[in-house]
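**Student:** Got a structure for you, questions after.
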């Protein structure tokens, strides 16, 4: 099972539908844990959200932090990484911070950091994008035709 710990609750139906569109197709399934957004000054928000994320992590999890400074992959390389991660006996857990980003201790706890590119994305949209990329990664691994690697000439 994949785990996704994310700050904030998806209230927008479009964002939730995008996430669920891929999460329901995904194998293994993805368990979403939504944490409340912090209140106060930006550093206090990050600290509180970070503490909540760390407390919610499954024991011994391989943690992949979604972080703008993280590693970028193409789809095939990400598929290979996901396969390596899920072959371990440890739970695989992705974490998405809130609007202020992830607190330092969360990034330090992470086994890997992942970026969806140099652009900044709304943290609610990242959930759907991550679910789609996980679905794509599993499709690539299984030889499913969902992923089309060809580029137009």
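In full-length UniProt numbering, the protein residues as written are 1 to 153. No residue lacks a Cβ here, since even glycine has one placed at the ideal position from N, Cα and C.
Since residue 39 and residue 103 should fall inside the 8 Å C-beta cutoff, what is the C-beta to C-beta distance between them, to a whole number of angstroms?
**Tutor:** On the chain shown, position 39 is the one that residue 39 refers to. On the chain shown, position 103 is the one that residue 103 refers to. Not confirmed; about 15 Å, so no contact.
**Student:** In this structure, how does DSSP classify residue 46 when only helix, strand and coil are distinguished?
**Tutor:** Here residue 46 is taken as the residue at index 46 of the chain shown, counted from 1. Three-state DSSP puts residue 46 in a helix.
**Student:** Within 10 angstroms of its Cβ, does residue 8 collect 16 or more other Cβ (buried), or is it exposed?
**Tutor:** Taking the chain shown and counting its residues from 1, one reaches residue 8 at position 8. By the 10 Å Cβ count, residue 8 comes out buried.
**Student:** In this structure, how does DSSP classify residue 112 when only helix, strand and coil are distinguished?
**Tutor:** Stepping through the chain shown from its first residue, residue 112 is reached at position 112. Residue 112: strand per DSSP, three-state reduction.
**Student:** Mind checking whether residue 35 and residue 6 have CB atoms under 9 Å apart?
**Tutor:** As a first step, residue 35 is located in the chain shown; it is residue number 35 there, counting from the start. As a first step, residue 6 is located in the chain shown; it is residue number 6 there, counting from the start. A contact, by the Cβ cut-off of 9 Å.
**Student:** Quick one: residues in its chain with C-beta nearer than 8 Å to the C-beta of residue 31, no 5 flanking neighbours on either side, listed in chain order?
**Tutor:** Walking along the chain shown from the start, residue 31 turns up at place 31. For residue 31, where only same-chain residues beyond five positions count, the Cβ hits under 8 Å are 1, 2, 3 and 4.
**Student:** Please work out which residues of its chain come closer than 6 Å, Cβ to Cβ, to residue 77, disregarding the five sequence neighbours upstream and downstream, and give them in chain order.
**Tutor:** Numbered from its first residue, the chain shown carries residue 77 at position 77. There are no such residues.
**Student:** Below 8 Å, how does it come out for the stretch 51-69 and the stretch 91-100: are there three or more Cβ pairs, yes or no?
**Tutor:** Because the criterion of three Cβ pairs below 8 Å is met, the stretch 51-69 and the stretch 91-100 touch.
**Student:** Provide the residue span of the alpha helix (DSSP H) that contains residue 18, from first to last.
**Tutor:** To locate residue 18, count along the chain shown from 1; it is residue 18. Where residue 18 is concerned, the enclosing alpha helix (DSSP H) stretches over 13-23.
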